[in-house]
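When the letters of the sequence shown are read in order and numbered with my numbering, they come out as residues 6 to 368. Where is the CB? At the ideal position from N, CA and C, for every residue including glycine. One structure below.
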Amino acid sequence: MERTVHVALGPRSYDIHIGAGALRRLGPVCAGLGDVAAALVVTDANVAPVALDVCRAELSAAGLRVDAEVVPPGEGAKSEAFLFRLYRRALEVRLDRRGVFVALGGGVTGDLAGFAAATYLRGVRFIQVPTTLLAMVDSSVGGKTGIDLPEGKNLVGAFHQPSAVIADLALLRTLPPRERASGMAEVIKYGVIRDAALFESIENGDLPCADLSDERWGDVVARCCEIKAEVVRRDERESGVRAILNFGHTLGHALERLAGYDGLRHGEAIAIGMVFAARLSERLRGWPPADTARLIRTLQRAGLPTAPPVRWPWAEVRGAMASDKKAQAGVPRFVLGDRIGRAVPGAVAAESALEEVWNGLGQ
């Protein structure tokens with residue numbers, strides 16, 4: 006069964022198509038955009054053998070000229086070098102404003118291709134075709150695009166909404182266990198910040214975390230997209246409530262940077278960041294310690310870490326957080342919670358509290 010979630014943003018509105026086999030909608034969706042003549046598919050070396058040929062066939066059947074660019078997998082592709090590689094490839098194949106970028110892959114591919122689309126010829130259309138659980142429930146929706154700098158993650162970017170998102174659940178069956186677990190971190194996050202019932206269903210084992218081919222996952226992906234679509238509708242450019250989507254991300258992004266964007270996946274870093282945020286919420290918001298215990302158990306059951314793999318010195322962690330894009334004058338800001346199901350953004354904590362919570366993780 007296919008599900009459709011509408012992202013209501015006036016002239017920038019679009020639909021998210023969710024279902025096993027949804028990739029067959031790619032051609033008709035592109036054709037429905039109107040004056041579209043060509044597509045540049047951006048994918049990575051892991052996804053290309055699995056889905057690039059199908060993607061090409063669907064676009065060609067819709068009458069589009071199709072070219073592709075394959076980048077290496079991993080966060081390293083979100084760089085100036087690969088961004089300019091996409092620009093040059095687009096020029097090489099003569100992609101003009103009647104063209105569309107198609108981001109076929111996980112969050113890295115979506116961020117990179119989306120930013121290229123936002124800035125090439127001062128903006129062309131693009132379509133997100135997420136292939137990972139994390140991208141389906143989170144990064145493909147909402148229009149955040151960008152690349153990393155050595156100083157931090159996502160420090161250069163633009164808000165550029167896709168023309169559509171096509172989430173083919175059949176692609177989830179190709180994910181290795183660690184990638185599947187990484188995506189679960191974002192699913193759990195949505196339960197923590199907005200939907201206690203979703204969290205409880207994961208906590209109680211009602212959802213088969215090890216079997217993403219189960220039909221119930223269509224409902225889970227759709228629910229996460231509904232939450233994000235509503236938040237984005239209220240605050241498209243993250244001036245207020247949208248910041249709740251960053252629960253766990255302030256520390257998480259810092260850990261990714263300290264790990265050199267290698268060896269610690271995004272969802273793993275966010276899982277540790279969520280535990281940090283829960284412990285900080287106990288101090289500042291009256292978050293129940295019992296809810297922290299529930300969160301830790303649920304993350305561990307999903308195969309995620311709840312303590313840092315390396316005991317980095319606090320000074321290094323604090324320095325990495327200072328360059329977070331949400332920081333103001335070097336002071337990090339956190340999304341904290343009152344309880345599972347309710348989060349609030351913009352919290353600032355005393356330096357001593359931050360260091361104590363960091364030193365206590367995993368104890």
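Beta-carbon contacts of F281 that lie in its chain and below 8 Å, excluding the five residues immediately before and after
Answer for F281: G253, L256, V362, W363, L366, listed in chain order.
Of all the options H22, G119, S18, which has the alpha carbon lying nearest to the alpha carbon of T48?
G119
Closer than 8 Å is the cut-off here; do at least three beta carbon pairs connect the segment 200-207 with the segment 155-170?
no
To the nearest angstrom, how far is it from the Cα of I193 to the Cα of L309?
11 Å
Check this for me: beta carbons of P135 and G157, under 8 Å apart or not?
Cβ atoms of P135 and G157: not closer than 8 Å.
Rounded to whole angstroms, what is the Cα-Cα separation between V52 and L109?
Cα to Cα, V52 sits roughly 8 Å from L109.
Apply the 10 Å Cβ neighbour rule to G39 and answer buried if 16 or more other Cβ atoms are within range, or exposed otherwise.
exposed
Can you give the Cα-Cα distance for L69 and Q133, rounded to whole angstroms?
17 Å
By Cβ distance below 6 Å, which residues in the same chain neighbour S328 in space, the five residues on each side in sequence not counted?
Hits under 6 Å: E156, G157.
The alpha helix (DSSP H) enclosing F87, as first and last residue numbers:
85-97
Going by alpha carbons, who is nearest to L269 out of G351, H22, P313?
P313
Only counting the same chain, and skipping five residues up and downstream in sequence, which positions put a Cβ closer than 6 Å to that of I198?
Once the five neighbours on either side are set aside, the close Cβ partners of I198 are I249, F252, A348.
Applying the 10 Å Cβ sphere with the 16-neighbour rule, what's the burial state of P350?
Classification of P350: buried, given that the 10 Å Cβ count is 16 or more.
From which residue to which residue does the alpha helix (DSSP H) around G278 run?
271-289
Burial state of E356, where buried means 16 or more other Cβ atoms lie within 10 Å:
exposed
Among R302, W319, V226, which residue has its Cα nearest to the Cα of H22?
V226
Measuring alpha carbon to alpha carbon, tell me which of C229, N159, P182 ends up nearest M141.
C229
Report all residues from its chain with a CB closer than 7 Å to the CB of S187; omit the five preceding and five following residues, and keep chain order.
L139, R270, H271, G272, E273
Length of the line joining the Cα atoms of I275 and L180
Taking the straight line joining both Cα atoms gives about 19 Å.
Considering D58, what are the terminal residues of the alpha helix (DSSP H) in which it resides?
58-66
As a quick exercise: from V76, R102, R284, pick the residue whose alpha carbon is nearest that of D116.
V76
Return the Cβ separation of L285 and A354 in integer angstroms, given the expectation that the two are a contact with Cβ distance under 8 Å.
6 Å
Same chain, Cβ closer than 8 Å to R61, neighbours up to 5 away in sequence not counted:
V46, V71, A73
If you measure between the beta carbons of A163 and G104, is that distance less than 8 Å?
no
Grab me the residues of A190's own chain with a C-beta within less than 6 Å of its C-beta, minus the 5 sequence neighbours each way, in chain order.
G272, I275, A276, L309
Reduced DSSP category for E74 - H, G, I as helix; E, B as strand; rest coil
strand
Distance CB(E80)-CB(D143) smaller than 8 Å
no
If you count every other CB in all the chains shown that lies within 10 Å of the CB of F89, and 16 or more means buried, which is it?
exposed
Apart from the five residues just before and just after D343, which ones in its own chain have a Cβ nearer than 8 Å to its Cβ?
S286, R290, G291, W292, V349
Secondary structure of R316, DSSP reduced to three states
coil
Assign G15 to one of two classes, buried (16 or more other C-beta atoms within 10 Å of its C-beta) or exposed (fewer than that).
Looking at its Cβ environment, which holds fewer than 16 other Cβ atoms inside 10 Å, G15 is exposed.
Measure from the alpha carbon of L96 to the alpha carbon of each residue in Y125, E85, V107, then state which is nearest.
Y125
Assuming L260 is part of the alpha helix (DSSP H), what are its boundary residues?
254-263
Mind checking S244: buried by the 16 CB within 10 Å criterion, or exposed?
Looking at its Cβ environment, which holds fewer than 16 other Cβ atoms inside 10 Å, S244 is exposed.
Return yes when the Cβ of L263 is within less than 8 Å of the Cβ of G317, no when it is not.
Here residue 317 turns out to be Trp, not Gly, going by the sequence shown. Their beta carbons are under 8 Å apart, which means W317 touches L263 by this criterion.
Please give the ranges of any alpha helix (DSSP H) in the segment 297-354, keeping only runs that are unbroken, at least 4 residues long and fully inside the region.
319-327
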